[in-house]
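These notes are about the structure you will find just below.
2 protein chains.
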Amino acid sequence: MYERKIKEDLDCGITIAMKVFGAKWKPCIIDAIARGIRRPSELHREIATTSLRVIEMQLSELVTYGVVTKKIYTGFPLCVEYFLTPMGESILPILEQLNAWGLKNKDAVQQVNNYQSIEKDALSQYSSICQ
Amino acid sequence: MYERKIKEDLDCGITIAMKVFGAKWKPCIIDAIARGIRRPSELHREIATTSLRVIEMQLSELVTYGVVTKKIYTGFPLCVEYFLTPMGESILPILEQLNAWGLKNKDAVQQVNNYQSIEKDALSQYSSICQ
DNA sequence: TCGGATACCGAATAACTTTTCGGTATGAAC
DNA sequence: GTTCATACCGAAAAGTTATTCGGTATCCGA
Numbered sequence: 001m002y003e004r005k006i007k008e009d010l011d012c013g014i015t016i017a018m019k020v021f022g023a024k025w026k027p028c029i030i031d032a033i034a035r036g037i038r039r040p041s042e043l044h045r046e047i048a049t050t051s052l053r054v055i056e057m058q059l060s061e062l063v064t065y066g067v068v069t070k071k072i073y074t075g076f077p078l079c080v081e082y083f084l085t086p087m088g089e090s091i092l093p094i095l096e097q098l099n100a101w102g103l104k105n106k107d108a109v110q111q112v113n114n115y116q117s118i119e120k121d122a123l124s125q126y127s128s129i130c131q
Numbered sequence: 001m002y003e004r005k006i007k008e009d010l011d012c013g014i015t016i017a018m019k020v021f022g023a024k025w026k027p028c029i030i031d032a033i034a035r036g037i038r039r040p041s042e043l044h045r046e047i048a049t050t051s052l053r054v055i056e057m058q059l060s061e062l063v064t065y066g067v068v069t070k071k072i073y074t075g076f077p078l079c080v081e082y083f084l085t086p087m088g089e090s091i092l093p094i095l096e097q098l099n100a101w102g103l104k105n106k107d108a109v110q111q112v113n114n115y116q117s118i119e120k121d122a123l124s125q126y127s128s129i130c131q
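Going down the list, the sequences are from chains E and B.
Here UniProt numbering is used: the first residue of the first sequence is 1, the next is one more, and so on.
Here UniProt numbering is used: the first residue of the second sequence is 1, the next is one more, and so on.
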């Protein structure tokens, strides 16, 4: 297993939250499971922009943190389902709030991204000089 | 300037939010500014676990996104102050919610971290097998 | 027996972020 | 003129995370 070189501050709530659901695809996966998409292959079809491997890795991390539970059906077809735990459910309103904030500020952020590729000095408007 | 190889989905609110304030020290910095700590050197004293360079870089990013404004005093001593914009203020309740979630689930997460360094199979309790 | 759908995993690589290091500049005070 | 505290920046190194690649295994049905 990979061993961190830089210590994390696991007393800071934000650090803990980011560790549990702050990775690139975890919010998508949590949201999809909440919408009833439960199997890895289904999740992969839903989130086609990343690989199945990535989804599986994130799922297994979410399981270890207790955000989702895994249900294995031994019959045919080979089938596994993931469900949100209460802890997982409690993340949903936070994701919704993050999403709402992002959409509200979407224009400003996209504009900055454009400025950056055109001319950096256009940003100087953001600072003021006082005597 | 660094140019991304992997495209970002700037239509997803969560991605946007994470881009703006999802970096390692940005929540600390935003929170500190909200508490009235405004100058880079003060912020560095407050957040002593990282370097001044890091704080300056994050601050300049926050300025470009419009989260904080920069006020330059040309007199002596050389002095600069950062303030939250309304957009910056609107991040505070989200940070508070993230922090609260993390603290509420702190024990569970810390326990997982301990399990991981002792025995990985202790985690198998999280999945169930069904017929 | 082989192919197809499912699920999973190790390891290497690529991409990205954070940190460190060494430098510039200002104005006051000694 | 040297030193000090402030603020800032470029570039390399170190660290972390995401992605790709190639493999295993199961069970069914053709």
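C-beta: ideal position from N, C-alpha, C; glycine also.
- In the structure shown, CYS28 (chain B) adopts helical secondary structure according to DSSP, grouped into three states.
- With contacts defined as CB atoms closer than 8 Å, TYR82 (chain B) and LEU59 (chain B) qualify as a contacting pair.
- DSSP places LYS70 (chain B) in no alpha helix (DSSP H) but in the uninterrupted beta strand (DSSP E) bounded by 68–73.
- Any Cβ of chain E closer than 8 Å to the Cβ of GLN58 (chain B) would place that residue at the interface, and such an atom is absent.
- Among the residues of the stretch 99–111 of chain E, those with a Cβ less than 7 Å away from any Cβ of chain B are ASN99, ALA100, TRP101, GLY102, LEU103, ASN105, LYS106, ALA108, VAL109 and GLN110, in the order of the chain.
- Comparing alpha carbon positions, the residue from E:ALA48, E:GLU96, E:PRO77 and E:VAL20 closest to THR64 (chain E) is E:VAL20.
- The straight-line gap separating the alpha-carbon atoms of CYS79 (chain B) and ARG39 (chain B) is approximately 7 Å.
- In the three-state reduction of the DSSP assignment, LEU43 (chain B) falls in the helix class.
- Contact between the stretch 84–102 of chain E and the stretch 41–60 of chain B is absent: fewer than 3 CB-CB pairs across the two stretches fall below 8 Å.
- For LYS5 (chain B), not one C-beta of chain E is nearer than 8 Å to its own C-beta.
- Under a 10 Å Cβ-count criterion, GLY75 (chain B) is classified as exposed, with fewer than 16 other Cβ atoms of the shown protein chains found around its own Cβ.
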